Amino acid sequence: MEKRNWLWKRRPSEKSSAETESCGSLSSHSERHSDEQDALKETPDHDNQSPEVTSKAVTIDHEAKESPRKLIEKLSAALVNVSAKEDLVKQHVKVAEEAVAGWEKAENEVAVLKQQLEAAVQQNLTLDVRVNHLNGALKECVRQLRQARDEQEQRIQDAVEEKKKEWEAAKGALENQLLELQTQAEASGTSPPVSTDPDVLVRLECLEKENTALKLDLCSCSEELQITTIERELSTQAAETASKQQLESIKKVTKLEAKCRRLQALACKSSLLSDQRSFDSHMMHKLETSECEQSCSDSWASALIAELDQFKNEKAIPKTLAAHSMEIDMMDDFLEMERLAAVSVNKATSLTCDAVAHDSPIEENPLAAECEAISQRVAELEQKLEKIKAEKAELENALCESEGALKVSDLQLKEAQIKIEELQKELDVVNESKELLEVQLFGMEVEARTMSTNIDSLKTEVERERSLSSALKVSDLQLEEARIKIEELQKVLDVVNESKELLVVQLFGMEVEARTMSANIDSLKTEVERERSLSSALKVSDLQLKEAQIKIEEMQKELDVVNESKELLEVQLFGMEVEVRTMSTNIDSLKKEVERERSLSSDMETKCHELEIELRKKSQDAELQKASNSNGESKIKQEDLAVAADKLADCQKTIASLGKQLQSLATLEDFLIDTANLPGFSGGGSVVARASGEEWKLHVNETFTSRQNSDTTKFENSSHSMNGNEGESSSSSSSSSTSSATQVITSKSRNGFGKMFSRSKTGIQL
Numbered sequence: 001m002e003k004r005n006w007l008w009k010r011r012p013s014e015k016s017s018a019e020t021e022s023c024g025s026l027s028s029h030s031e032r033h034s035d036e037q038d039a040l041k042e043t044p045d046h047d048n049q050s051p052e053v054t055s056k057a058v059t060i061d062h063e064a065k066e067s068p069r070k071l072i073e074k075l076s077a078a079l080v081n082v083s084a085k086e087d088l089v090k091q092h093v094k095v096a097e098e099a100v101a102g103w104e105k106a107e108n109e110v111a112v113l114k115q116q117l118e119a120a121v122q123q124n125l126t127l128d129v130r131v132n133h134l135n136g137a138l139k140e141c142v143r144q145l146r147q148a149r150d151e152q153e154q155r156i157q158d159a160v161e162e163k164k165k166e167w168e169a170a171k172g173a174l175e176n177q178l179l180e181l182q183t184q185a186e187a188s189g190t191s192p193p194v195s196t197d198p199d200v201l202v203r204l205e206c207l208e209k210e211n212t213a214l215k216l217d218l219c220s221c222s223e224e225l226q227i228t229t230i231e232r233e234l235s236t237q238a239a240e241t242a243s244k245q246q247l248e249s250i251k252k253v254t255k256l257e258a259k260c261r262r263l264q265a266l267a268c269k270s271s272l273l274s275d276q277r278s279f280d281s282h283m284m285h286k287l288e289t290s291e292c293e294q295s296c297s298d299s300w301a302s303a304l305i306a307e308l309d310q311f312k313n314e315k316a317i318p319k320t321l322a323a324h325s326m327e328i329d330m331m332d333d334f335l336e337m338e339r340l341a342a343v344s345v346n347k348a349t350s351l352t353c354d355a356v357a358h359d360s361p362i363e364e365n366p367l368a369a370e371c372e373a374i375s376q377r378v379a380e381l382e383q384k385l386e387k388i389k390a391e392k393a394e395l396e397n398a399l400c401e402s403e404g405a406l407k408v409s410d411l412q413l414k415e416a417q418i419k420i421e422e423l424q425k426e427l428d429v430v431n432e433s434k435e436l437l438e439v440q441l442f443g444m445e446v447e448a449r450t451m452s453t454n455i456d457s458l459k460t461e462v463e464r465e466r467s468l469s470s471a472l473k474v475s476d477l478q479l480e481e482a483r484i485k486i487e488e489l490q491k492v493l494d495v496v497n498e499s500k501e502l503l504v505v506q507l508f509g510m511e512v513e514a515r516t517m518s519a520n521i522d523s524l525k526t527e528v529e530r531e532r533s534l535s536s537a538l539k540v541s542d543l544q545l546k547e548a549q550i551k552i553e554e555m556q557k558e559l560d561v562v563n564e565s566k567e568l569l570e571v572q573l574f575g576m577e578v579e580v581r582t583m584s585t586n587i588d589s590l591k592k593e594v595e596r597e598r599s600l601s602s603d604m605e606t607k608c609h610e611l612e613i614e615l616r617k618k619s620q621d622a623e624l625q626k627a628s629n630s631n632g633e634s635k636i637k638q639e640d641l642a643v644a645a646d647k648l649a650d651c652q653k654t655i656a657s658l659g660k661q662l663q664s665l666a667t668l669e670d671f672l673i674d675t676a677n678l679p680g681f682s683g684g685g686s687v688v689a690r691a692s693g694e695e696w697k698l699h700v701n702e703t704f705t706s707r708q709n710s711d712t713t714k715f716e717n718s719s720h721s722m723n724g725n726e727g728e729s730s731s732s733s734s735s736s737s738t739s740s741a742t743q744v745i746t747s748k749s750r751n752g753f754g755k756m757f758s759r760s761k762t763g764i765q766l
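Position one of the sequence shown corresponds to residue 1 (full-length UniProt numbering), numbered consecutively onward.
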């Protein structure tokens with residue numbers, strides 16, 4: 001079959017040629033009608049039919065009734081499939097909206113977490129600044145403590161050395177005096193004893209008592225000195241332990257700083273994935289600096305510990321030496337005092353014995369001189385003791401000052417320890433908050449990844465749905481074109497049903513039309529087969545949609561959380577919903593039209609068979625009647641003329657009714673064109689402006705035609721109504737429409753879902 005375009009899609013030149021052809025066909029049909037009437041005058045009554053013809057007609061009617069039922073069932077199945085597809089499209093739209101909402105929610109949460117991370121980083125920076133400040137303050141305190149300890153130890157060592165020198169000088173003088181006294185005692189022992197005064201003895205006793213008291217005072221002073229030295233040692237030990245604790249706290253602070261920096265590095269890595277390289281280099285530099293600072297702090301702490309140990313050892317050596325020297329000096333002093341007391345007692349006893357024995361007044365003068373010398377020495381010793389007491393008081397004052405300084409340093413150390421503990425608590429709190437933030441970040445990263453995967457899958461599914469919707473649109477357009485063709489065929493069949501009697505008269509013309517109708521029936525059969533193939537393709541697409549629905553249900557289980565922002569896609573999805581609604585309405589109308597077409601095709605088949613049988617019978621009857629009934633020809637001709645007159649009257653009535661219907665259709669088309677020209681009208685048709693400036697009209701069946709084309713169709717309709725031969729023109733248009741419909745469907749079957757549409761000036765061409 002040759003490819004033909006619809007009459008309203010042709011150019012004006014083609015339409016004029018088609019009109020001339022239709023006029024020629026009308027004239028030929030009128031001539032044939034006159035010839036057939038002449039032939040019918042010769043034939044007898046056409047009501048005499050055989051029982052075989054009636055049985056065949058009954059079977060054909062039965063088949064014609066069954067075929068529309070099957071078509072109705074298929075159309076109902078197609079409607080169910082279309083409704084299921086609409087539901088799937090709605091579900092896909094909902095899933096896409098939920099996915100977009102979840103993505104926005106995840107982005108908002110990531111932004112909040114980034115802000116929290118920035119706040120935590122700022123807090124860490126402030127804490128680092130405070131820790132550095134406190135570290136500097138601690139270093140300054142340690143330096144001041146060292147200076148104070150060095151100054152105190154230097155003063156103590158200087159005072160001890162001065163006291164040693166003084167005690168050595170006093171010891172030498174006392175030893176010299178003892179030697180002199182010994183020599184004098186020996187000399188006096190060899191000389192006769194001298195009588196002593198009782199006053200001298202009293203003085204000697206007093207001096208002995210004072211010497212014992214001084215010895216006791218010296219013992220108490222030595223004990224006090226030992227106690228003070230022990231206290232100093234304890235204070236130094238406490239200072240050393242405090243310094244060690246301080247060093248340990250400094251180490252902990254450095255470790256915490258390193259941990260904080262590492263956590264900052266991890267947080268920055270997780271939050272800034274795009275700038276990973278530069279950030280990694282920066283963090284490596286930070287880690288290197290922190291490690292250097294940690295190593296420096298560790299070396300500084302080890303150096304401080306070594307210096308403290310060395311200072312302790314250096315301090316212990318002079319303390320032990322001073323203690324030993326003090327003990328030796330005290331023992332020497334006690335021994336000298338005992339010797340002097342023993343010598344004085346011996347001398348006194350010897351003097352008393354000599355005075356009693358001899359009673360010589362000559363020896364009293366040297367004893368008095370010796371007593372005076374002893375009294376002078378005792379006075380010198382008392383002065384030395386007073387000096388020692390004064391030095392002892394000075395040493396006690398120095399010890400008190402050192403103890404006060406140590407107390408102050410202990411207080412400073414305690415304050416520093418308290419500050420370090422507070423800082424450690426703050427660092428622990430910051431670390432806990434960092435850990436929580438890291439856990440939250442990890443969870444949010446996992447959620448973001450899952451959401452990104454879900455959104456990608458949903459995007460792919462939405463694209464698939466869009467492709468399916470575009471394919472459905474194409475199929476809708478094709479179905480609308482088929483509906484138009486079916487309407488034309490239905491009009492033709494209505495005309496044929498109304499003009500059954502005329503078809504009996506016009507046997508010759510109906511034979512030609514029967515041939516065309518058989519061709520149309522074949523084309524309709526091919527269309528039915530193609531529709532079956534399309535239904536199988538729709539079933540395959542339904543299976544795919546079911547699989548997609550299962551996937552969507554799984555995605556809905558995962559994306560129950562994402563149900564918030566749906567406003568962004570409403571504008572985009574509104575058009576799709578409108579398209580789906582139009583598709584559903586178009587499919588319903590197409591189903592109805594297909595049912596009508598199938599019923600009409602079955603009717604046409606039965607009519608064609610009946611007409612062929614009638615033609616054969618009438619030809620046979622005519623031959624028989626010509627041979628047998630030559631006498632009753634005049635009567636038969638009169639009866640035939642009466643019947644023909646009745647049929648002509650009926651035909652005129654049908655032609656008048658068809659003319660009225662065509663006029664009503666023309667008025668409806670004019671009304672639609674006028675309403676389409678109105679601004680803001682959204683009815684069955686709409687005017688679309690083309691790029692070239694020519695206006696196109698969108699009809700109810702979703703096809704574009706130009707204004708000129710619509711005007712030409714109007715003119716053609718009016719001309720057909722004026723001529724009054726609608727049956728023949730409709731039959732010719734139906735044959736052309738069926739041939740073009742078969743060509744369109746073949747192109748659909750070759751290309752799947754009708755891919756190519758070419759737009760011309762007159763309309764859309766397939």
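Ideal placement from N, C-alpha and C gives every residue a C-beta, glycine not left out.
From a predicted model like this one, the values you see are computed outputs, not experimental measurements.
Selection from the options that minimises the alpha carbon distance to residue i
{"i": "LEU266", "options": "GLY404, ASP428, LEU204, ALA120", "result": "ALA120"}
{"i": "THR229", "options": "GLU639, GLY575, ARG464, ILE156", "result": "ILE156"}
{"i": "VAL200", "options": "GLU161, LYS252, ALA369", "result": "ALA369"}
{"i": "GLU595", "options": "GLU422, GLU445, LEU489", "result": "LEU489"}
{"i": "GLU153", "options": "LEU181, LEU406, LEU263, GLY172", "result": "LEU406"}
{"i": "GLY404", "options": "ASP640, ARG232, THR516, LEU88", "result": "ARG232"}
{"i": "ALA656", "options": "GLU498, SER457, LYS419", "result": "GLU498"}
{"i": "ALA393", "options": "GLU224, LEU117, LYS491, VAL580", "result": "GLU224"}
{"i": "LEU543", "options": "ALA84, GLU63, ILE613", "result": "ALA84"}
{"i": "LEU381", "options": "ILE486, LEU125, GLN440, GLU208", "result": "GLU208"}
Beta-carbon proximity of residue i to residue j, cut-off 8 Å
{"i": "ILE455", "j": "TRP103", "result": "yes"}
{"i": "LEU71", "j": "ARG598", "result": "yes"}
{"i": "LEU134", "j": "LEU427", "result": "no"}
{"i": "LYS434", "j": "LEU263", "result": "yes"}
{"i": "LEU113", "j": "LEU545", "result": "no"}
{"i": "GLU63", "j": "SER523", "result": "no"}
{"i": "LEU413", "j": "ALA242", "result": "yes"}
{"i": "MET99", "j": "LEU458", "result": "According to the sequence displayed, residue 99 carries Ala and not Met. It is a contact, given that the beta carbons lie within the stated cut-off."}
Whole-number beta carbon distance between residue j and residue i, since they are thought to touch under 8 Å
{"i": "ALA548", "j": "ARG464", "result": "7 Å"}
{"i": "VAL82", "j": "SER584", "result": "6 Å"}
{"i": "ASN586", "j": "LEU658", "result": "Contact doesn't hold; Cβ gap of about 28 Å is too wide."}
{"i": "LEU482", "j": "LEU600", "result": "Note that residue 482 is Ala in the sequence shown, not Leu. So it is not a contact: roughly 13 Å between Cβ atoms."}
{"i": "ALA213", "j": "SER409", "result": "Not confirmed; about 39 Å, so no contact."}
Length of the line joining the Cα atoms of residue i and residue j
{"i": "LYS74", "j": "MET604", "result": "21 Å"}
{"i": "GLN115", "j": "LEU411", "result": "42 Å"}
{"i": "GLU396", "j": "LYS215", "result": "19 Å"}
{"i": "SER541", "j": "LEU79", "result": "14 Å"}
{"i": "SER535", "j": "ALA96", "result": "29 Å"}
{"i": "LYS90", "j": "GLU577", "result": "8 Å"}
{"i": "GLU162", "j": "ALA398", "result": "15 Å"}
{"i": "SER619", "j": "LEU611", "result": "12 Å"}
{"i": "SER249", "j": "GLN417", "result": "8 Å"}
{"i": "PRO68", "j": "VAL528", "result": "12 Å"}
{"i": "LYS653", "j": "ARG532", "result": "41 Å"}
{"i": "ILE374", "j": "ALA159", "result": "31 Å"}
{"i": "CYS651", "j": "CYS608", "result": "20 Å"}
{"i": "LYS251", "j": "CYS221", "result": "44 Å"}
{"i": "GLU107", "j": "VAL474", "result": "39 Å"}
{"i": "GLN424", "j": "ILE227", "result": "39 Å"}
{"i": "GLU175", "j": "ASP150", "result": "37 Å"}
{"i": "ASP476", "j": "ARG581", "result": "12 Å"}
{"i": "LYS65", "j": "ILE521", "result": "16 Å"}
Sequence-distant residues of its chain with Cβ nearer than 7 Å to residue i (five each side left out)
{"i": "LYS384", "result": "ALA170"}
{"i": "VAL378", "result": "LEU207"}
{"i": "MET517", "result": "MET604, CYS608"}
Check: residue i C-beta below 7 Å from any heavy atom of the ligand PLP
{"i": "SER76", "result": "The model on display carries no ligand, and the ligand PLP is accordingly not part of it."}
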